[in-house]
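Numbering (this note's numbering) for the sequence shown: 4 to 355.
The beta-carbon is built from N, C-alpha and C at its ideal position, and this holds for glycine as well.
Here's the structure, in structure tokens; my notes come after.
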Amino acid sequence: MKRILYVGWLGFNNIGDELMWLLFRDRCRAYLPDKHYDVIPSIPGVDIRNPGPYDTVVLGGGSLLIPGYIDVAYQAAQKGKNVLIWGSGHDRQDFPVFDAEGKVSANLAYTGGNEGTNEKLAELVRKSVYCGVRGPLSYQFLEHSGVDMAHAIISGDPAFLLPAPSPRKRAQESRTIGVNWGTAYNRIFGGNEEKVEQQLAEALRKLISQGYRIRIFPVWGPDREACKRLYARLGDKDKVELDLELYHHEDLLDRLKSCVLTINFKLHASYLSAAADVPFICLGYRFKSIDFGFSINLSEFVLSTGDERLGESILDRVGRIEKEAAAIRGMFYTEQKQYRLLLEKPFLEGLL
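Quick look at the structure:
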């Protein structure tokens, strides 16, 4: 029996990371015979630095193209294990500045004593049987790190494997905006979550005055306190709902379908919104958010948390969604269809 180790940030009840593991597990169940494969997630207690017991090591979805996780996969490759990079991405807190060609102008490779990580990454990708990264900025990170790009593709995030919503008549009377709020402990663009919360609240008050209802929800346990603060700041119990339940992703998808649009802090809340066929505004708080926006050609709906006029930008994008919702949904469908094929390639081609 072949043993597969799926490496991700698991066991901490974060809906995004757990979602990507479940999507990988479900693909394994669909494509691999149970009697021949045993798939193990990297929950607490599993020693990911010891690849010995495994035939295949998968660096899964999430921001895992960082030194610690790169080293885990590199060591597995050095010991002759079958290694895949499956929808992983790079993340950092520096806001990317783009040149005239739309490329990140700064060198994204590691410096300051971490140059060895670049060399390990290049060797890891060369030895991997599959390397698919989350978006074009993660792809540029590979380029800057000295990776032979003949061995890498932009596969999209594993969340693109969520089932496409079935056609349905949208309730024209729906005026509910889903709002995902939370915390990254101020490790965000602009470095000030209090300021972002204030600007978000001001925008939401104006939307309430326009007839919208607001539903605030978290996707991670530590996000609940931030959600409570935003609810209290709005001070309108008739028009604002606070839902602190941490739903399974399928249940959250169902709840999002009743929204006309969403405004999301955490990255995978926006992926879930897209999967629910609901246009979103992503509060881009780190590099990975920008990467996501570019991956689906909707970067204008990712707003930096360092934006001094964030509240005004939110209202502008809501207005655009009101006018362009059908085109945005069409973009979701097109991009999801493309990425699904790339994410399923390792299963279809027997690379595991």
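Measuring only the C-alpha atoms, how far is residue i from residue j?
| i | j | result |
| --- | --- | --- |
| V305 | E315 | 14 angstroms |
| G11 | S212 | 42 angstroms |
| G14 | A103 | 42 angstroms |
| R227 | D241 | 20 angstroms |
| D74 | G64 | 16 angstroms |
| Q202 | I317 | 9 angstroms |
| M334 | N300 | 8 angstroms |
| D394 | E197 | Because the chain in this structure spans residues 4 to 355, residue 394 falls outside the shown range and cannot be described. |
| K130 | L345 | 19 angstroms |
| R323 | E303 | 10 angstroms |
| E352 | E325 | 42 angstroms |
| Y336 | A167 | 7 angstroms |
| S276 | A329 | 14 angstroms |
| G48 | E311 | 43 angstroms |
| Y9 | A112 | 26 angstroms |
Verify whether the separation of the beta carbon atoms of residue i and residue j is less than 8 angstroms.
| i | j | result |
| --- | --- | --- |
| V243 | K260 | no |
| V321 | L264 | yes |
| H147 | F290 | no |
| M23 | P161 | yes |
| S108 | F101 | yes |
| F3 | D246 | What the structure shows of the chain is the stretch from 4 to 355, and residue 3 is not part of that stretch, so it cannot be assessed. |
| P44 | A79 | no |
| L255 | I18 | yes |
| T186 | P225 | yes |
| E347 | R32 | no |
| A272 | N183 | yes |
| I157 | Y288 | no |
DSSP three-state call for residue i: helix, strand or coil?
| i | result |
| --- | --- |
| S298 | helix |
| W184 | coil |
| R312 | coil |
| T114 | coil |
| L237 | helix |
| V100 | coil |
| G65 | strand |
| E244 | strand |
| I191 | coil |
| V199 | helix |
| I51 | coil |
| N17 | coil |
| F144 | helix |
| L26 | helix |
| V321 | helix |
| V128 | helix |
| V150 | coil |
| A174 | Summary for A174: the model assigns pLDDT 49, below 50, so the residue's position carries little reliability; its value from the coordinates is reported in the next sentence. Three-state result, A174: coil. |
State the beta-bridge partners of residue i as determined by DSSP.
| i | result |
| --- | --- |
| P44 | Y9 |
| V305 | C285 |
| Y133 | L87 |
| V263 | According to DSSP, V263 bridges with nothing at all. |
| F220 | N183 |
| V60 | L8, V86 |
| query | Do three or more CB pairs link the region 230 to 239 to the region 118 to 126 at distances below 8 angstroms? | reply | At 8 angstroms Cβ cutoff, the stretches do not touch.
| query | Can at least three beta-carbon pairs, one atom from the region 82 to 92 and one from the region 124 to 138, be found at a separation below 8 angstroms? | reply | Touching, yes.
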